[in-house]
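First comes the structure, then the notes that go with it.
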Amino acid sequence: MTNPMVIVGAGQAGLQLAESLRAEGWQGPIRLFGDEPHPPYHRPPLSKAWLLGETAEGQVGIRGPEFLARQSIDLVTDVAVVAVDPATRTIALSDGRSEPWEGLALTTGAAARPLPVPGGDLAGVMTLRTLDDAHRLHDRLIPGARVVVIGAGFVGLEVAASARKRGLDVTVVEAAARPMARVVSPPISAFYADLHAAKGVRLLLGAAVTALLDDGAGHVRAVATSDGEIPADLVVVGVGAIPRDDLARAAGLVCDRGVVVDACSRTSDPAIVAAGDCSARRLADGSLLRLESVQNAVEQARSAAAALLGRDRPFVATPWFWSDQHGVKLQIVGAAAGAETTLVRGDPAEGRFSAFHWKDGRLVGVESVDRPQDHMASRRLLDAGRSPSPTEIADPAFDLAAAARG
Ligand SMILES: Cc1cc2nc3c(=O)[nH]c(=O)nc-3n(C[C@H](O)[C@H](O)[C@H](O)COP(=O)(O)OP(=O)(O)OC[C@H]3O[C@@H](n4cnc5c(N)ncnc54)[C@H](O)[C@@H]3O)c2cc1C
1 MTNPMVIVGA
11 GQAGLQLAES
21 LRAEGWQGPI
31 RLFGDEPHPP
41 YHRPPLSKAW
51 LLGETAEGQV
61 GIRGPEFLAR
71 QSIDLVTDVA
81 VVAVDPATRT
91 IALSDGRSEP
101 WEGLALTTGA
111 AARPLPVPGG
121 DLAGVMTLRT
131 LDDAHRLHDR
141 LIPGARVVVI
151 GAGFVGLEVA
161 ASARKRGLDV
171 TVVEAAARPM
181 ARVVSPPISA
191 FYADLHAAKG
201 VRLLLGAAVT
211 ALLDDGAGHV
221 RAVATSDGEI
231 PADLVVVGVG
241 AIPRDDLARA
251 AGLVCDRGVV
261 VDACSRTSDP
271 AIVAAGDCSA
281 RRLADGSLLR
291 LESVQNAVEQ
301 ARSAAAALLG
311 RDRPFVATPW
321 FWSDQHGVKL
331 QIVGAAAGAE
341 TTLVRGDPAE
351 GRFSAFHWKD
361 GRLVGVESVD
371 RPQDHMASRR
381 LLDAGRSPSP
391 TEIADPAFDL
401 AAAARG
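Taking this note's numbering, the leading residue of the sequence shown gets 1, the next gets one more, and so forth.
Here it is, written out as structure tokens:
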């Protein structure tokens with residue numbers, strides 16, 4: 001009998017990998033292991049519609065049981081893979097069993113980064129990564145309560161926006177000088193800083209958290225910062241995620257803040273692939289790119305499925321991402337980092353604009369605020385390697401959609 005393709009981690013990438021194995025023609029068994037009690041679900045709504053109570057549990061599932069049955073994908077939930085042995089081609093499970101594999105995929109995602117300060121483990125201090133985290137956080141968003149969000153990245157700011165809409169008193173503390181500084185350009189940071197302020201979210205920038213303070217009964221009562229104390233009934237830590245590459249490390253695979261993979265999602269062992277948040281992709285120039293996005297998880301998983309069947313299907317699409325804060329959609333394609341020229345098309349004052357970025361004379365990234373047409377056109381432009389000039393983009397009459405069609 002054929003051994004199964006084994007996928008470790010039943011999230012966005014893991015499920016896509018299973019589906020893509022079938023689409024690529026694999027007819028043998030597929031075993032998809034997840035350590036959470038839930039079937040694979042979408043994480044993006046957890047900080048948005050879920051916290052607002054607008055999404056029910058049934059709506060976050062990616063695929064229903066009928067689909068998995070039709071595709072003969074054998075999903076095993078609530079069981080962790082605790083070791084991988086490339087020599088014997090077996091995995092060890094948390095329930096004591098071990099299983100063989102024909103090909104192995106690691107799609108173990110990432111874990112919320114803990115805050116390394118005294119008091120980080122007090123009651124009332126939460127992170128948001130899983131559906132169970134989202135359940136707990138949703139129930140703690142009580143109107144009038146004081147929540148302090150630590151970290152003004154995407155997840156932190158989305159939680160802040162949702163908590164504000166739920167009627168909480170919200171403060172965001174961020175060490176950097178502007179929100180989302182690692183991932184967006186200054187015009188986008190400035191727009192969202194103003195938006196949060198207009199919605200009543202206090203944003204404390206350039207403030208380092210030094211400790212979380214105990215109320216004497218083991219519950220958080222305040223956040224101590226370089227600027228003083230902020231009273232808190234609840235603290236949400238949103239300071240990033242750590243790739244879950246421990247299994248890969250223990251198995252001797254090359255890791256560098258994530259399981260290192262090539263453009264086809266192959267690890268340093270050709271029989272093992274990795275995809276999604278747990279991985280770091282080696283680019284042509286030798287650098288490593290680690291992305292945490294749905295698109296990256298899906299595209300890498302497609303490449304990984306092909307690679308397990310001995311085919312090359314490199315991930316070449318330009319990275320894109322989105323965020324929703326206070327109902328205003330941010331869509332990003334490419335990267336603004338290192339850009340030499342930036343130009344804004346549209347009017348930030350009207351809440352609809354895009355920031356275009358060029359480096360070495362080429363368009364490298366576009367960030368769109370409530371301008372989905374700009375985003376879709378920019379994806380096509382960047383994927384096709386087309387690069388309108390700053391003069392063209394500055395002209396409101398320039399037809400971006402036509403330029404994207406080529
Ligand atoms: C709150 C939140 C909001 C987000 N919003 C957006 C957004 O707006 N847009 C966007 O593009 N992206 C967003 N993301 C990021 C996106 O959800 C992730 O990039 C995507 O889920 C990555 O998929 P993955 O399969 O790599 O990891 P995951 O979805 O994390 O799945 C990995 C799974 O593997 C399991 N696992 C780990 N180790 C083991 C083991 N040893 N054995 C068994 N199972 C294991 C984990 O428990 C988990 O269930 C958001 C993420 C979060 C947390």
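In this text, a Cβ means the ideal position worked out from N, Cα and C, and glycines have one as well.
All of these numbers come straight from a predicted model, not from anything done at the bench.
Note down the Cα distance separating residue i from residue j, rounded to an integer number of angstroms.
| i | j | result |
| --- | --- | --- |
| Arg140 | Leu234 | 8 Å |
| Gly124 | Ser354 | 38 Å |
| Pro243 | Cys278 | 4 Å |
| Leu32 | Asn296 | 19 Å |
| Glu367 | Gln300 | 23 Å |
| Ile230 | His135 | 25 Å |
| His196 | Ala49 | 17 Å |
| Gln16 | Ala193 | 35 Å |
| Met376 | Asp95 | 46 Å |
| Ala175 | Trp26 | 48 Å |
| Ala13 | Gly216 | 43 Å |
| Met126 | Trp320 | 28 Å |
| Ala304 | Ser98 | 23 Å |
| Pro407 | Phe191 | As displayed, the chain neither begins before 1 nor continues past 406, which places residue 407 out of reach and without an answer. |
Could you tell me if the beta carbon of residue i falls within a distance shorter than 6 Å of some heavy atom in ligand 1?
| i | result |
| --- | --- |
| Gln487 | Lying before the first or after the last residue shown, residue 487 is absent from the chain, which here runs from 1 to 406. |
| Phe321 | yes |
| Leu17 | no |
| Asp78 | no |
| Thr225 | no |
| Asp262 | no |
| Ser293 | yes |
| Arg386 | no |
| Pro44 | yes |
| Glu392 | no |
| Asp35 | yes |
| Gly258 | no |
| Arg244 | yes |
| Ala297 | yes |
| Gly334 | no |
| Asp85 | no |
| Val183 | no |
| Asp395 | no |
Can you tell me the Cβ-Cβ gap for residue i and residue j, rounded? I've got them flagged as a contact below 8 Å.
| i | j | result |
| --- | --- | --- |
| Ala339 | Trp358 | 6 Å |
| Leu382 | Leu363 | 7 Å |
| Gly103 | Gly11 | The Cβ separation is near 19 Å, so there is no contact. |
| Leu128 | Val170 | The pair is not a contact, with the Cβ atoms about 15 Å apart (cut-off 8 Å). |
| Ala275 | Ala105 | 7 Å |
| Ala241 | Val117 | Incorrect: roughly 18 Å between the Cβ atoms, too far for contact. |
| Ala163 | Val147 | 5 Å |
| Pro39 | Leu75 | 6 Å |
| Ala152 | Val172 | 5 Å |
Got a sec: does ligand 3 put a non-hydrogen atom nearer than 6 Å to the Cβ of residue i?
| i | result |
| --- | --- |
| Thr108 | This structure lacks ligand 3; the ligands present are ligand 1. |
In chain order, each beta strand (DSSP E) run of at least 3 residues that lies wholly inside the stretch 111-157: 146-150
Beta strand (DSSP E) runs contained entirely in the stretch 254-310, provided each spans 3 or more residues: 259-261, 272-274 and 279-282
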